[in-house]
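Trainee: Just so you know, the sequence shown maps onto residues 436 to 727 in the working numbering. Sharing a structure with you now.
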Amino acid sequence: MNTPKSTFYMMHCTLWPGFKLNAKRIRATAMVSLLFLASSVTKGQISFTPGSNTISIDFSNTTPASVGTNTGTAFTAAGFSPNPTNAQAGRLNSNAWSVRGISDGTLNFGGTSTSGDAARGSFATSQSVGGVYAYVGTPATTTNPMMMIQPAADDFTPGSLVLRFRNDDPVLPITAVQLTYDVWVRNDAGRSQTIRINRSIDDVNYTNEPAFDYNTPEAISGSTVVSAGTFSQNMTDFDVPATYFGYIQWAIDDDTTGSGNRDEIVLDNIQITVTYGPPCTPPDPCRCRSRR
Ligand SMILES: [Ca+2]
Ligand SMILES: [Ca+2]
Ligand SMILES: [Ca+2]
436 MNTPKSTFYM MHCTLWPGFK LNAKRIRATA MVSLLFLASS VTKGQISFTP
486 GSNTISIDFS NTTPASVGTN TGTAFTAAGF SPNPTNAQAG RLNSNAWSVR
536 GISDGTLNFG GTSTSGDAAR GSFATSQSVG GVYAYVGTPA TTTNPMMMIQ
586 PAADDFTPGS LVLRFRNDDP VLPITAVQLT YDVWVRNDAG RSQTIRINRS
636 IDDVNYTNEP AFDYNTPEAI SGSTVVSAGT FSQNMTDFDV PATYFGYIQW
686 AIDDDTTGSG NRDEIVLDNI QITVTYGPPC TPPDPCRCRS RR
């Protein structure tokens with residue numbers, strides 16, 4: 436059954452900048468959006484359209500250039516920079532990623548950080564210095580690694596990784612965002628770390644999606660990296676208007692329970708698939724246009 440146009444509009448278009456505009460201005464907005472689109476799609480970032488509405492990130496050399504290097508190279512936690520090439524193997528693309536809450540300073544979208552907390556390198560063994568690592572131990576490999584976060588006193592307590600994408604359709608709104616990823620944990624420390632997913636369309640106001648809530652175990656279970664499961668949810672209230680960015684934040688904190696060092700958090704196989712709705716054209720309840 437089709438959702439009535441007026442119901443769809445009220446459900447998914449209230450964030451849209453043209454929510455209160457009339458149809459004539461909507462067409463003008465669409466034209467401006469087309470011009471804006473033409474000037475922005477060359478920047479290299481995750482770009483969704485109805486014909487290209489999904490992305491998979493496994494940190495191998497098949498990782499798309501919009502989030503990794505061009506051409507693809509396996510992630511080695513060599514840092515972040517805008518549109519890195521394969522001459523800068525092992526980096527991630529800062530047009531897609533931001534890293535916050537690390538003592539060496541925030542890695543902003545479009546920024547560069549190739550040493551310190553944002554670039555801790557590849558390891559299979561247990562680590563203690565805070566930062567972003569490539570995990571290459573079992574079941575990962577150097578050719579298909581995972582992304583590992585080691586929280587520490589001044590890193591990720593709290594902090595976050597933020598992945599952004601752009602709705603590059605000039606007219607159609609994204610009305611749902613399916614997010615799936617795997618979490619692995621090295622529970623070798625006597626604290627519990629919290630991982631939360633928050634999402635936003637302005638990178639300021641974030642909404643928690645509780646289906647993804649996970650806490651690492653407090654009591655130590657050993658130094659083996661073990662699966663904490665696959666987390667997946669279709670965020671049906673995550674509306675991203677045409678030409679807007681969507682932001683997905685893995686927020687990490689600790690000190691809820693326990694003491695001492697902090698567990699290592701490992702992420703892999705991130706998949707995002709977005710759903711498009713019809714244009715945000717307001718219904719015409721009084722049929723005013725037909726009276727002219
Ligand atoms: Ca992987
Ligand atoms: Ca640090
Ligand atoms: Ca623990």
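The C-beta atom is built at its ideal place from N, Cα and C for all residues, glycine as well.
#1: I need the boundaries of the beta strand (DSSP E) containing Thr665, first residue and last residue.
#2: Given 8 Å as the limit, is there contact between the stretch 662-671 and the stretch 538-552, that is, 3 or more CB pairs closer than that?
#3: Measure how close the beta-carbons of Ser595 and Ala512 come, nearest whole angstrom, since I'm counting them as under 8 Å.
#4: Compare the C-alpha of Gln628 against each of Ala559, Ile655 and Asp604 and name the closest.
#5: So the candidates are Leu598, Thr610, Asp623 and Pro608; which of them puts its Cα closest to the Cα of Tyr616?
#6: Can you list, in chain order, the residues of its chain whose CB lies under 8 Å from that of Gly625, leaving out five sequence neighbours each side?
#7: Just mark Val639 as buried or exposed, buried being the case when its beta carbon has 16 or more other beta carbons within 10 Å.
#8: Does any heavy atom of ligand 3 sit closer than 7 Å to the C-beta of Pro586?
#9: Listed in chain order, which residues are found with a beta carbon closer than 7 Å to a heavy atom of ligand 1?
#10: Can you list, in chain order, the residues of its chain whose CB lies under 6 Å from that of Thr442, leaving out five sequence neighbours each side?
#11: Excluding sequence positions up to five away, which residues of its chain have a Cβ less than 7 Å from the Cβ of Leu469?
#12: Ala624: beta carbon under 7 Å from a heavy atom of ligand 3?
#13: Taking the C-alpha atoms as reference points, what is the distance between Val675 and Thr489?
#14: Start and end of the alpha helix (DSSP H) containing Tyr444?
#15: Say yes only if the C-beta of Thr592 is nearer than 7 Å to one or more non-hydrogen atoms of ligand 3, and no if none qualify.
#16: Using the Cβ count rule (16 or more neighbours within 10 Å means buried), how would you classify Thr659?
#17: Just mark Gly681 as buried or exposed, buried being the case when its beta carbon has 16 or more other beta carbons within 10 Å.
#18: Put Gly551 into one of helix, strand or coil per three-state DSSP.
#19: Within a Cβ cutoff of 7 Å, which residues of the same chain sit near Asn518, ignoring the five residues on either side of it in sequence?
#20: Sorted by chain position, which residues of the same chain lie with C-beta nearer than 7 Å to Pro718's C-beta, five sequence neighbours on each side aside?
#21: Confirm the yes/no value for this check: CB of Gly566, any heavy atom of ligand 2, distance under 7 Å.
#22: Mind checking Val709: buried by the 16 CB within 10 Å criterion, or exposed?
#23: What ranges does the beta strand (DSSP E) occupy inside the stretch 510-556, keeping only unbroken runs of at least 3 residues that lie completely in it?
#24: Applying the criterion that 16 or more other CB atoms from any shown protein chain within 10 Å of the CB defines a buried residue, is Asn602 buried or exposed?
#25: Measuring only the C-alpha atoms, how far is Asp539 from Phe515?
#26: Mind checking Asp703: buried by the 16 CB within 10 Å criterion, or exposed?
#27: Count the other CB atoms within 10 Å of the CB of Ser563; is the residue buried (16 or more) or exposed (fewer)?
#28: Could you please give the first and the last residue of the uninterrupted beta strand (DSSP E) stretch that includes Thr708?
#29: Leaving out the 5 sequence neighbours to the left and right, which residues in its chain are closer than 8 Å to Pro608 when beta-carbon positions are compared?
Mentor: Looking at the coordinates:
#1: Per DSSP, Thr665 belongs to the beta strand (DSSP E) from Val660 to Met670.
#2: These segments do not touch.
#3: Separation of the CB atoms of Ser595 and Ala512 is rounded to 17 Å, and the pair is thereby denied contact status at 8 Å.
#4: For the residues Ala559, Ile655 and Asp604, the minimum Cα distance to Gln628 belongs to Ile655.
#5: The shortest CA-to-CA distance from Tyr616 to any of Leu598, Thr610, Asp623 and Pro608 is the one to Leu598.
#6: Cβ-Cβ distances below 8 Å link Gly625 to Glu653, Ala654, Ile655, Gly693, Ser694, Gly695 and Asn696 in the same chain, with the five nearest sequence neighbours on each side left out; the list follows chain order.
#7: Val639 should be labelled exposed.
#8: Result no, Cβ not under 7 Å from ligand 3.
#9: Counting every residue whose Cβ lies closer than 7 Å to a heavy atom of ligand 1, we get Asp493, Phe494, Ser495, Ala575, Asn579, Pro580, Met581, Asp703 and Asn704.
#10: Once the five neighbours on either side are set aside, Thr442 has no close Cβ partner at all.
#11: The predicted position of Leu469 is uncertain, since its pLDDT is 45 and thus under 50; no value can be drawn from it.
#12: Judged by the Cβ position, Ala624 qualifies as a neighbour of ligand 3 at the 7 Å threshold, a heavy atom of the ligand being closer than this.
#13: Spanning the two alpha carbons is a distance of roughly 15 Å.
#14: In this chain, the alpha helix (DSSP H) harbouring Tyr444 covers Lys440 to His447.
#15: False, no ligand heavy atom lies under 7 Å from that Cβ.
#16: Exposed.
#17: Gly681 should be labelled buried.
#18: The three-state reading of DSSP puts Gly551 in helix, counting H, G and I together.
#19: Counting only Cβ-Cβ distances below 7 Å, and skipping sequence neighbours, we find Gly479, Asn505, Asn528 and Asn530.
#20: Cβ contact annotation for Pro718 (same chain, cutoff 7 Å, sequence separation greater than five): Lys440, Ser441 and Tyr444, in chain order.
#21: The answer is yes for Gly566.
#22: Burial of Val709 is indicated by the presence of at least 16 other C-beta atoms within 10 angstroms of its C-beta.
#23: Within the stretch 510-556, the complete beta strand (DSSP E) runs of at least 3 residues are 532-535.
#24: With 16 or more other Cβ atoms within 10 Å, it is buried.
#25: Approximately 13 Å, taken between the alpha carbons.
#26: By the beta-carbon neighbour count (other beta carbons within 10 angstroms, threshold 16), Asp703 is buried.
#27: So Ser563 ends up on the exposed side.
#28: Looking at the DSSP string, the run of the beta strand (DSSP E) that includes Thr708 is Glu699 to Tyr711.
#29: The residues His447, Cys448, Trp451, Asn602, Asp674, Val675, Pro676, Ala677, Tyr711, Gly712, Pro714 and Cys715, in chain order, have a CB closer than 8 Å to that of Pro608 in the same chain once the five nearest residues on each side in sequence are set aside.
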